[in-house]
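>
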Amino acid sequence: MDLATARQHISGSLERMRALYFKPVFDEWVILAPGAKQSGLLAYSGPRVEEFRKQLPTDVEPLLAQVAGQNLEPGDFEFTTEGDGTRHDVLLKLGANSYLVCNNTAKSMAEIRADARWLKAQAAFVDLSEKFRADPLVA
Numbered sequence: 020m021d022l023a024t025a026r027q028h029i030s031g032s033l034e035r036m037r038a039l040y041f042k043p044v045f046d047e048w049v050i051l052a053p054g055a056k057q058s059g060l061l062a063y064s065g066p067r068v069e070e071f072r073k074q075l076p077t078d079v080e081p082l083l084a085q086v087a088g089q090n091l092e093p094g095d096f097e098f099t100t101e102g103d104g105t106r107h108d109v110l111l112k113l114g115a116n117s118y119l120v121c122n123n124t125a126k127s128m129a130e131i132r133a134d135a136r137w138l139k140a141q142a143a144f145v146d147l148s149e150k151f152r153a154d155p156l157v158a
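Basically our numbering = 1-based index in the sequence shown + 19.
1) Out of curiosity, what's the CA-to-CA distance linking D134 and L61?
2) Within its chain, find whatever has a CB closer than 6 Å to the CB of A52; leave out the 5 residues flanking it on each side and keep chain order.
3) Can you name the residues that DSSP bridges to K112?
4) Where does A133 fall in DSSP's three states?
5) Between which two residues does the beta strand (DSSP E) containing V49 stretch?
6) Within 8 Å, do at least three Cβ pairs link the segment 143-152 to the segment 75-86?
7) Ordered along the chain, which non-local residues of its own chain (more than five positions away) have a Cβ less than 8 Å from that of A142?
8) Just the C-alpha distance for R136 and N122, rounded to the nearest angstrom, thanks.
9) In terms of residues, what are the limits of the alpha helix (DSSP H) holding S30?
10) Indicate the three-state DSSP secondary structure (helix, strand or coil) for S64 in the structure shown.
11) For A140, count the other beta carbons within 10 Å of its own beta carbon; 16 or more makes it buried, fewer makes it exposed. Which is it?
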């Protein structure tokens, strides 16, 4: 899968999640490819354009700690309960060396999961992960 198609799938899936949850589940997302051009930042959508890059190392820390030592394959994902505030909530492996990281800048995953509509919205995220399992991002 190319980057443009990946962005379309991600945007579409997050919109579907919003519709099922009746409000945005994640208001921020980024595609990261460590070691790639532009400091590994391939795409960003969210409310903190100016401060995102400088806060990224701190904001992604809980997720990195959670997946440390795991051998993730495209389509694999991990949610963290440590992703409150600007710290990221979920990581999805998109390709050999690329990842989607999503965040709700106002709510933690515990707050999101407390709403019963999360179960339906979660299905849209799983569908997104299956798209990358079947056709990984080539970045």
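Just so you know, even glycine gets a beta-carbon here, dropped at the ideal spot from N, CA and C.
Let's see:
1) Reading the sequence shown from its first residue, position 115 is the one you call residue 134. Reading the sequence shown from its first residue, position 42 is the one you call residue 61. Each residue's alpha carbon lies about 32 Å from the other.
2) Within the sequence shown, the letter at position 33 stands for residue 52. Within the same chain, A52 has close Cβ partners G59, L61, N116, S117, A158.
3) Stepping through the sequence shown from its first residue, residue 112 is reached at position 93. Beta-bridge pairing links K112 to Y118.
4) For the purposes of this step, residue 133 is taken as the residue at position 114 of the sequence shown. DSSP places A133 in coil when its eight states are reduced to three.
5) Numbered from its first residue, the sequence shown carries residue 49 at position 30. 47-51 is the span of the beta strand (DSSP E), which, as asked, contains V49.
6) no
7) Stepping through the sequence shown from its first residue, residue 142 is reached at position 123. Within the same chain, A142 has close Cβ partners L39.
8) Mapped onto the sequence shown, residue 136 falls at position 117. Mapped onto the sequence shown, residue 122 falls at position 103. Those two C-alpha atoms are separated by around 18 Å.
9) To locate residue 30, count along the sequence shown from 1; it is residue 11. Element bounds for S30: 22-40.
10) Along the sequence shown, read from residue 1 onward, the residue named residue 64 stands at position 45. The answer is strand: DSSP assigns S64 an E or B state.
11) As a position in the sequence shown, residue 140 is number 121, starting the count at 1. It counts as buried.
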